[in-house]
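Protein chains in written order, with full-length UniProt numbering: chain R, 1 to 446; chain A, 1 to 446.
The beta-carbon is built from N, C-alpha and C at its ideal position, and this holds for glycine as well.
Keep in mind the model is a prediction, meaning the values are calculated, not measured.
Below is one structure, written out as structure tokens, with a few remarks after it.
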């Protein structure tokens with residue numbers, strides 16, 4: 001039974017970007033840390049897969065933007081190489097068959113309205129916005145409907161914002177939560193762009209490389225893989241953390257997993273009512289990301305960049321996801337919300353057929369015959385249960401929202417869903433881990 | 001290690017009204033059943049407490065209506081006595097200080113509109129309503145706002161329907177989910193009334209008596225208390241159910257706990273994406289029910305029945321909860337949604353003071369000085385985590401709603417949240433348990 005009650009200053013639960021960042025900040029502060037990860041790998045919602053020929057597929061998060069200062073600094077520190085998202089050719093915006101490179105004026109004006117509304121929402125405390133209650137009681141869908149703009153324009157904005165950013169449908173989140181998400185990233189333009197925006201750069205070797213380097217740089221013994229944490233016992237005197245393998249004692253705990261997963265740990269004593277109520281109200285996104293692998297980037301010859309955004313159809317977005325020098329070409333497609341749910345009702349074959357058919361509509365018949373077709377459903381993953389990230393349900397922003405990152409005694413909370421800058425991104429995850437570590441350091445080293 | 005792998009035809013998880021009903025239906029069909037309950041008692045969200053002098057307080061569900069045929073039949077079968085909810089005097093409807101026995105015409109007309117809309121929603125499959133998508137993408141708050149009715153009228157309806165029935169705020173649920181809940185109970189009038197409605201009768205000895213009788217009538221050994229189930233392993237060949245105490249093998253499992261609790265069990269293999277996504281989207285209600293106990297029912301002398309409904313203030317509803325022949329008098333108050341969250345932020349003393357102050361405004365100064373003041377927060381209870389019941393979040397009715405009660409292999413799902421008649425009530429729980437049992441019987445005895 002050696003090791004059953006190892007003592008550490010801090011146990012960190014979850015070795016995604018939040019947990020890794022917390023562990024680094026805590027060890028840097030001279031504290032002893034045990035970082036426990038359920039999976040046999042680090043990186044959380046970043047996962048890179050290599051096909052036999054070396055073609056790199058980022059199955060989860062993959063982009064880095066220039067204003068994401070924390071993750072950029074980490075990338076630099078570890079000498080991780082990044083490259084510009086390729087754009088060989090024209091982007092397609094498909095407005096129900098009206099295909100154009102630019103946006104409809106109605107869409108631009110809707111984005112401008114959102115940008116203006118964002119300025120009224122403080123990222124640190126969206127519940128304090130003057131219109132917080134009014135915006136929390138209305139879905140983003142209702143707000144769009146009320147603008148009176150043409151259906152195709154509101155649908156496009158819904159799919160880009162509630163889908164492409166929040167990974168759900170405009171029916172699922174409030175105006176307040178939507179604006180909070182936008183403002184946490186610096187606004188609409190900062191989020192949507194490739195050049196200068198959140199999708200500007202990709203990682204050579206895949207986003208998981210960053211997490212792997214962060215893990216490798218932790219002191220020996222800090223990280224333990226393959227140890228799902230099931231239970232946290234806590235009191236004023238410290239905590240006892242039970243994984244499937246061991247039990248650990250610590251003065252403080254940092255829970256650095258998505259809210260849905262955090263809600264499924266057992267706590268003794270049970271979490272306070274408002275904390276539990278908050279964790280009940282952050283369902284994870286339903287994004288489906290699939291990859292079609294071709295011998296050649298046939299779309300480039302036809303003048304397309306592979307980047308598309310559609311107001312209709314099962315696929316909201318596509319992107320040329322071919323890394324430079326890759327042996328084959330990759331077209332990656334995204335579905336969100338209602339379409340992502342519908343695609344999950346299909347069998348794998350029907351899903352593949354639907355996706356390829358839509359890719360062919362967008363880029364031509366060669367899309368119908370990929371050499372490989374790879375999908376990975378984060379909603380099926382026991383230790384994630386949805387992607388990109390979780391969002392507060394309607395009405396919860398003004399009631400439970402303020403509780404999400406509040407410590408419960410010696411238990412602290414990280415994860416990109418608790419971030420106030422770049423919420424939902426790697427950068428927000430890093431920020432949240434450091435913020436939780438800072439809380440712990442201040443508590444243990446007053 | 002005797003008993004570690006006991007085999008039964010069916011393991012039922014949770015001995016609330018759903019689990020008890022499933023266990024009865026299954027044993028009646030000749031199947032061997034193990035019913036596992038986490039707590040040291042049965043009854044789930046029904047819990048009766050007796051003060052030292054014998055005064056009965058129903059801390060959870062307490063009412064039975066005449067059209068709830070299943071629970072009435074059970075009450076009769078076990079010789080449980082029920083009595084009419086007392087009404088000695090006038091009810092108060094408080095419209096921001098305009099206190100009246102009748103309703104504002106705007107309120108009546110809003111109820112009529114809802115009644116008409118209910119007729120367009122099939123309780124078995126609300127997602128098939130013609131307006132399903134439109135009603136799922138809009139909160140009930142937005143619908144009320146769009147009626148253009150006076151604020152005091154829409155607030156009253158919001159508090160009565162989204163609060164008094166769904167135990168939340170109108171910002172939290174869609175029009176579709178709200179209508180489904182109403183229609184599952186036969187419509188607005190069926191739900192709101194005392195006389196002839198869902199609150200017509202109470203149970204002598206408390207609602208828990210019914211569950212106790214149901215448990216006592218199960219064959220010896222079927223029920224085991226104090227055994228929280230943590231994990232369900234399942235395959236085509238059957239299941240292995242692990243509690244904190246034992247492990248059981250069974251051909252089929254019925255999970256009869258609220259969705260939030262069901263989502264926190266571990267499943268191997270992990271639940272399929274859509275099932276898990278559905279369970280992520282049924283947060284439990286936030287009702288707070290508190291009891292002020294007085295030597296005398298002073299409100300009756302002033303001509304009040306103790307029944308009140310308010311468009312404003314922290315308390316949405318009050319009721320004279322004194323059982324006939326009780327040694328003392330009980331005034332029970334309810335808060336929901338935003339007010340219930342706010343009251344939870346107060347300390348116990350401040351909460352008590354706020355509640356009593358409002359009771360005094362309604363019924364006079366004697367309300368300020370109760371002999372006892374009892375509260376019980378279901379959101380704090382590890383094995384319930386909210387009351388009255390859970391509701392699908394906005395947008396989930398048309399996407400995930402149809403999955404809630406779909407079996408996953410040999411695992412079946414009960415609980416009042418899965419009911420299509422009297423969803424959220426004892427009667428719905430009974431119906432759901434019988435429906436799940438029926439699925440099992442048909443599978444095992446084809």
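Of the choices R:138, R:184, R:267 and R:357, whose alpha-carbon is the least far from that of residue 419 of chain R?
R:184
Counting along the chain, where does the alpha helix (DSSP H) carrying residue 452 of chain A start and finish?
The displayed coordinates of chain A run from 1 to 446. Any statement about residue 452 of chain A would go beyond what the structure contains.
Nearest by alpha-carbon distance to residue 437 of chain R: which of R:411, R:119 and R:342 is it?
Checking every option, the nearest Cα to that of residue 437 of chain R belongs to R:411.
Residues of chain R with CB under 7 angstroms from residue 81 of chain A, in chain order?
What residue 81 of chain A touches in chain R: nothing, since even the nearest Cβ is about 34 angstroms away.
Residues of the segment 360 to 392 of chain R with a CB closer than 8 angstroms to any CB of chain A: list them in chain order, please.
377, 379, 380, 381, 382, 385 and 386
Who does residue 36 of chain R pair with in a DSSP beta bridge?
R:13 and R:224
Within the 9 angstroms Cβ cut-off, does residue 354 of chain A reach chain R?
Not one chain R Cβ lies under 9 angstroms of residue 354 of chain A.
Taking a Cβ distance cut-off of 7 angstroms, strictly less, list which residues of the segment 120 to 151 of chain R are near chain A, in chain order.
136, 137, 138, 139, 141 and 142
Hey, is residue 243 of chain R's beta-carbon within less than 9 angstroms of any beta-carbon in chain A?
no
Cβ closer than 8 angstroms: which chain R residues qualify as neighbours of residue 400 of chain A?
Neighbours of residue 400 of chain A on chain R, chain order: 341.
Look at the alpha carbon of residue 409 of chain R and the alpha carbon of residue 209 of chain R, and state the distance between them as a whole number of angstroms.
35 angstroms
So is residue 3 of chain R in contact with chain A if we call contact Cβ pairs under 9 angstroms?
Interpretation of residue 3 of chain R is limited by its pLDDT of 46, a score under 50 that renders its predicted location unreliable; the figure taken from the coordinates is listed afterwards. Taking Cβ atoms only, chain A never reaches closer than 9 angstroms to residue 3 of chain R, which makes this a no.
When you compare only the Cα positions, how much space is there between residue 178 of chain R and residue 396 of chain R?
12 angstroms
Please list, in chain order, the residues of the segment 280 to 296 of chain R that have any C-beta partner in chain A closer than 9 angstroms.
280, 281, 282, 283, 284 and 286
Indicate the three-state DSSP secondary structure (helix, strand or coil) for residue 443 of chain R in the structure shown.
In this structure, residue 443 of chain R counts as helix in the three-state DSSP scheme.
In chain order, what residues of the segment 252 to 265 of chain A put their CB closer than 9 angstroms to some CB of chain R?
From the segment 252 to 265 of chain A, only 260, 263, 264 and 265 have a Cβ closer than 9 angstroms to chain R.
Can you tell me whether residue 83 of chain A is buried or exposed, with buried defined as 16 or more other CB within 10 angstroms of its CB?
exposed
Can you list the beta strand (DSSP E) stretches of 3 or more residues lying completely in the segment 306 to 384 of chain R, in chain order?
Listed in chain order, the complete beta strand (DSSP E) runs (minimum 3 residues) inside the segment 306 to 384 of chain R are 317 to 320, 329 to 335 and 372 to 376.
So, is residue 304 of chain R buried or exposed, given that buried needs 16 or more other C-beta atoms within 10 angstroms?
buried
From the DSSP output, in three-state form, read off residue 163 of chain R for me.
Helix.
Who pairs with residue 289 of chain A in a beta bridge, going by DSSP?
A:334 and A:376
May I ask you to list, following chain order, the residues of the segment 162 to 173 of chain R that have a beta carbon less than 9 angstroms from some beta carbon of chain A?
168, 169, 170, 171, 172 and 173
Please determine, among R:195, R:153 and R:139, the residue with the shortest C-alpha to C-alpha distance to residue 98 of chain R.
R:153
List the DSSP bridge partners of residue 143 of chain R.
Per DSSP, none; premise fails for residue 143 of chain R.
Report the residue from R:428, R:204 and R:274 whose alpha carbon sits nearest the alpha carbon of residue 76 of chain R.
Minimum Cα distance to residue 76 of chain R is reached at R:204.
May I ask you to verify whether the segment 117 to 135 of chain R touches the segment 98 to 108 of chain R, counting CB pairs closer than 8 angstroms and requiring at least 3?
no
What residue range is occupied by the uninterrupted beta strand (DSSP E) comprising residue 411 of chain A?
Segment 411 to 413, the beta strand (DSSP E) holding residue 411 of chain A.
Where does the unbroken beta strand (DSSP E) through residue 48 of chain R begin, and where does it stop?
Boundaries of the beta strand (DSSP E) harbouring residue 48 of chain R: 48 to 50, taken from the DSSP string.
Output the distance between the C-alpha atoms of residue 105 of chain R and residue 289 of chain R, rounded to the nearest integer angstrom.
Between the alpha carbons of residue 105 of chain R and residue 289 of chain R lies a gap of roughly 29 angstroms.
For residue 439 of chain R, count neighbouring C-beta atoms within 10 Å of its own C-beta (all shown protein chains included) and say buried if the count is 16 or more, exposed if not.
buried
Could you pull out every residue in the same chain whose Cβ sits closer than 6 angstroms to the Cβ of residue 400 of chain A, ignoring the five residues on either side in sequence?
Excluding positions up to five away in sequence, the list reads 277, 278 and 281.
Mind checking if residue 313 of chain R is an interface residue toward chain A, Cβ cutoff 9 angstroms exclusive?
No, its Cβ sits nowhere closer than 9 angstroms to a Cβ of chain A.
For residue 9 of chain A and residue 67 of chain A, I'd like the C-alpha separation in whole angstroms.
33 angstroms
Which class does residue 237 of chain A belong to by DSSP, given the choice of helix, strand or coil?
coil
Return no unless some Cβ of chain A is closer than 9 angstroms to the Cβ of residue 55 of chain R.
no
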